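Trainee:
Number of protein chains: 2
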Amino acid sequence: MTTQIDIDFGENGLVPAVAQDAVSKDVLMVAYVSPEALEATRETGYAHYYSRSRDELWKKGASSGHLQAVEDIRVDCDADTLLYLVNQSGGACHTGHESCFYRSIDGENIGTKVFDPDEVY
Amino acid sequence: MTTQIDIDFGENGLVPAVAQDAVSKDVLMVAYVSPEALEATRETGYAHYYSRSRDELWKKGASSGHLQAVEDIRVDCDADTLLYLVNQSGGACHTGHESCFYRSIDGENIGTKVFDPDEVY
Chain A
1 MTTQIDIDFG ENGLVPAVAQ DAVSKDVLMV AYVSPEALEA TRETGYAHYY
51 SRSRDELWKK GASSGHLQAV EDIRVDCDAD TLLYLVNQSG GACHTGHESC
101 FYRSIDGENI GTKVFDPDEV Y
Chain B
122 MTTQIDIDFG ENGLVPAVAQ DAVSKDVLMV AYVSPEALEA TRETGYAHYY
172 SRSRDELWKK GASSGHLQAV EDIRVDCDAD TLLYLVNQSG GACHTGHESC
222 FYRSIDGENI GTKVFDPDEV Y
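Here the protein sequences line up with chains A and B, keeping their order. Under our numbering, think of the first position of the first sequence as 1, with each following residue one higher. Under our numbering, think of the first position of the second sequence as 122, with each following residue one higher.
#1: Which word fits E43(A), buried or exposed, when buried means at least 16 other C-beta atoms lie within 10 angstroms of its C-beta?
#2: Can you tell me the Cα-Cα spacing of P35(A) and D106(A), whole angstroms?
#3: The alpha helix (DSSP H) spanning A140(B) covers which residue range?
#4: Measuring straight from C-alpha to C-alpha, what distance separates H94(A) and D201(B)?
#5: Taking 9 angstroms as the cut-off, decide whether the C-beta atoms of G96(A) and V114(A) are in contact.
#6: Name the chain B residues that come within less than 7 angstroms of Q20(A), Cβ to Cβ?
#7: May I ask you to report which of helix, strand or coil DSSP gives D129(B)?
#8: Using a threshold of 9 angstroms, state whether the C-beta atoms of D26(A) and K146(B) are closer than that.
#9: Which residue comes first and which comes last in the alpha helix (DSSP H) that contains A69(A)?
#10: Could you spell out the range, first to last residue, of the beta strand (DSSP E) harbouring A31(A)?
#11: V120(A) lies in the alpha helix (DSSP H); which residues open and close that run?
#12: Under the three-state reduction of DSSP, which class applies to R42(A): helix, strand or coil?
#13: For E39(A), is the classification buried or exposed, using 16 other Cβ atoms within 10 angstroms of its Cβ as the cut-off for buried?
#14: When you compare the CB of R195(B) with every CB in chain A, is at least one pair closer than 9 angstroms?
#15: Would DSSP call E98(A) helix, strand or coil?
#16: Rounded to whole angstroms, how far is the Cβ of A138(B) from the Cβ of Y153(B), which I believe are closer than 8 angstroms?
#17: Measure the CB-CB distance between L188(B) and F101(A) and report whether it falls below 9 angstroms.
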């Protein structure tokens, strides 16, 4: 038997969500999810987040076309972090890279560039 | 040429860090990292975090023995999230699972149990 997990959105009403490529298993990005964003993700099958800088619900790829089709959503042991397993269209990062984690901490660029941001944004 | 990236630790002095298994590429956990935790991680080669509940620097596995040897540290585009690529001893989750993300959002247990927490803690 399974029961829906009660997510702990905490004081600020947001949980971090890791987006992982369902095929390559690359970690693509981390963003924040509100209850509304989670509901929209489940209802539409496309990843939604909450933009803290724009202070609004954010459908990933709404402007760039680089949508994330969500295959599965996992929850961590404390129910305060989500994992989205996604099929990423284009690239996840606004810099044009497949993953936002395209740099080592020493600044070495080890990522794959998959689009030209000047042509997309 | 590479230059060390200036991490944006923000208002609360912490950044989220995703720990990913360097071999299986499974996402193991998400925890928070202070400047001191990052420094300790780089100096020792073992993952350190900052425990918000205990309000202290936390060497992962210090009590359980389930250390994370860090192969690489990546930084995201905004320099406010880290990715630790690790070799995990035992399991990452205090519940005995390999990964903290052992449940689907509908509560289905899809994780692998690798140790008995009653014997470890």
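Every residue gets a Cβ at the ideal spot worked out from N, C-alpha and C, and that includes glycine. Only a predicted model underlies this, so the values are computations on that prediction, with no experimental measurement involved.
Mentor: Let me lay it out:
#1: Exposed is the call here.
#2: If I take the Cα positions, the gap works out to 36 angstroms.
#3: Per DSSP, A140(B) lies in no alpha helix (DSSP H) segment; the continuous beta strand (DSSP E) that holds it begins and ends at 136-142.
#4: Those two C-alpha atoms are separated by around 15 angstroms.
#5: Yes, they are a contact pair.
#6: Within 7 angstroms Cβ-Cβ: V148.
#7: Reduced to three states, the DSSP call for D129(B) is coil.
#8: Going by C-beta atoms, D26(A) is nearer than 9 angstroms to K146(B).
#9: Taken as a continuous stretch (DSSP letters only), A69(A) belongs to no alpha helix (DSSP H), being part of the beta strand (DSSP E) at 68-75.
#10: Boundaries of the beta strand (DSSP E) harbouring A31(A): 27-33, taken from the DSSP string.
#11: Note, V120(A): alpha helix (DSSP H), 117-120.
#12: The answer is helix: DSSP assigns R42(A) an H, G or I state.
#13: Counting Cβ neighbours within 10 Å, E39(A) comes out exposed, since fewer than 16 surround it.
#14: Flagged as an interface residue toward chain A: R195(B), by a C-beta distance shorter than 9 angstroms.
#15: DSSP places E98(A) in the coil class of the three-state scheme, outside both helix and strand.
#16: About 7 angstroms separates the beta carbons of A138(B) and Y153(B), which is inside the 8 angstroms limit, making them a contact pair.
#17: No, they are not a contact pair.
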